[in-house]
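For the sequence shown, our numbering puts the final residue at 807, and the numbers step up evenly by one.
Comments concern the structure below.
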Amino acid sequence: MNPTEQELARNRLLEEIELDTRDTSHMTGREKLSDRVMAAMAKVPRHEFVLPEDLPLAYINRPRGIGHGQTISQPFVVALMTDLLDLTPEDRVLEIGTGSGYQAAVLAELAARIYSVEVIVELADTARERLRRLGYDHVEVRHVDGHGGWPEEAPFDAIIVTAAPPRLPEELVAQLAEGGRMVAPVGHRIMGQELRLYTKGPEGAIRSRGVLPVAFVPMVEKAAPRT
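As C-alpha cells, this is what we get:
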C-alpha cells in the first residue's frame, strides 16, 4: 500500500468510526467523538502496529491478530474507549495490555504520560521498541501481570483495560485517582462481555455504567516478573 492508498484508507476508516459512533449512540451516550480523539486516530499510523502480512488491512475497521493469541483492537473501539476517558493534556494514564502498542500511541497523543503493562514479554519488548522508534518517548512499557497495575506510579487520572477480566481487579480500582475514569471490558467470552465506564468519587466511591457489548481476548492471569 503506497502513501496515497494509505491516506485514502485512513480517511475511509475515520468516516466508518464516525458512522459507528452515531449508530451506537443510543448505548454509549456519545453521538460524536471529540475532535482531539479523532485527530489522534488520524495521526497514529496503524500500519506500524499490525503484522507485516496484514499491512493491506491496517485501516480496515476490524481487529487483527498480533500473535501470541492477542489482537489489535477494532479502531472504532479504540476511539470510543479513548473518548470515554475524557483525557486532558496533563493526565497520567495507566494502560493494562500493551499488545502491539497501538492504543498506547493513541493515548500518547492526548495525555502527558502513559504507563503501559503487558504480561507477554515478546509483545512488551517489541511494543517498547516500536513506540520509541515512532517518537512516543512519554510512554513507558513494563512486562508484568496487568492485574497488579503499576502501584509505584499511582494514582492515575485514567486507566484503560484492553483485555477482559471476569471482574474488575481491586488493585486497579485502588490505583485510580479521585475523580478518575476507568474503562474496561468485563465478563466472560462465552457468557458475554460488556464495556463499562467507572468513575471514582469522593472517599473512593465507585460508580459504573455499561456502555456496549464487546468481545475482547481474556485478561491473562499468569503472573510475570517485574522488569
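Beta carbons are placed, not taken as given, at the ideal position from N, Cα and C, and that holds for glycine.
If you're wondering where the values come from, they're calculated on a predicted model, not measured in any experiment.
For the beta strand (DSSP E) containing Met-799, name the first residue and the last one. Taken as a continuous stretch (DSSP letters only), Met-799 belongs to no beta strand (DSSP E), as it is neither H nor E.
Selection from Met-762, Pro-636, Ala-785 that minimises the alpha carbon distance to Leu-752: Met-762
8 Å contact criterion, which Thr-678 and Val-721 should meet: CB distance rounded: 5 Å
Output yes or no for whether 8 Å exceeds the beta carbon distance between Pro-731 and Leu-756. no
Cβ pair Glu-819, Ala-638 closer than 8 Å: Since the first and last residues shown for the chain are 581 and 807, residue 819 lies out of range.
Rounded to whole angstroms, what is the Cα-Cα separation between Arg-592 and Asn-641? Separation of Arg-592 and Asn-641 (C-alpha to C-alpha, rounded to the nearest whole angstrom) is 9 Å.
Local conformation of Arg-806 per DSSP, three classes: Residue placement at Arg-806 cannot be trusted, given a pLDDT of 45 that sits under 50; what the coordinates show is reported in the next sentence. Residue state, collapsed to three classes: coil.
Considering only the beta carbon of each residue, do Pro-866 and Arg-616 sit closer than 8 Å? The structure shown does not extend to residue 866, since the chain spans only 581 to 807, so no value can be given for it.
Of all the options Val-624, Gly-647, Lys-623, which has the alpha carbon lying nearest to the alpha carbon of Asp-634? Gly-647
When you compare only the Cα positions, how much space is there between Val-673 and Ala-691? 7 Å
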